[in-house]
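Peer 1: When we follow UniProt numbering, the leftmost residue of the sequence shown carries the number 1, and every step to the right adds one.
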Amino acid sequence: MRVDLRVGRIVSARVFEQARKPAYVLEVDFGPEIGVRKSSAQITALYTPEELVGRLVVGVVNFPPRQIGPLMSQCLVTGFHDEAGRVALCVPDREVPLGTRLL
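(1) Express the C-alpha separation of Ala45 and Val58 in angstroms, rounding to a whole number.
(2) Taking the CB atoms as reference points, tell me whether Val28 and Val11 lie closer together than 8 Å.
(3) So which of Arg37, Ala41, Arg6 has the shortest CA-CA distance to Gln18?
(4) Could you compute how far the alpha carbon of Asp93 sits from the alpha carbon of Val60?
(5) Is the CB-CB distance between Arg14 and Pro49 below 8 Å?
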C-alpha cells in the first residue's frame, strides 16, 4: 500500500495566520503507534476551529513532511470539494479506534 490512510481525532485547531489562503493548523491524534501530527487544512469555508476539535478525520500519514510557510505539515487531512469548491472533510460515520488503517 503506497498511501497509508488512518483515522485520527482533531485535538486542536487554530487559524493559520501566515497562510496565503485561509487555512487552519490542525493537530491530529492518530493513536499510540503514530502519535499527534500537525497539518495545514484549507477548510475554513465550512468549519470553525471550535467545531473541528474532537472530530474524527481520515489522514495520510506516510507522506514526507512538507514546509508550508512557518509550519512543518506532518500529515494530509483528506476531503472532497463540493460544487462551490469548498472542502468537506472525509470522515468515518462511526467511532473507530485512532490509528485504524483504511482498507
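In this text, a Cβ means the ideal position worked out from N, Cα and C, and glycines have one as well.
Peer 2: So, to answer that:
(1) When rounded, the distance between both Cα atoms is 19 Å.
(2) yes
(3) Ala41
(4) So the alpha carbons of these two residues sit roughly 18 Å apart.
(5) In this structure, Pro49 lies closer than 8 Å to Arg14 by Cβ.
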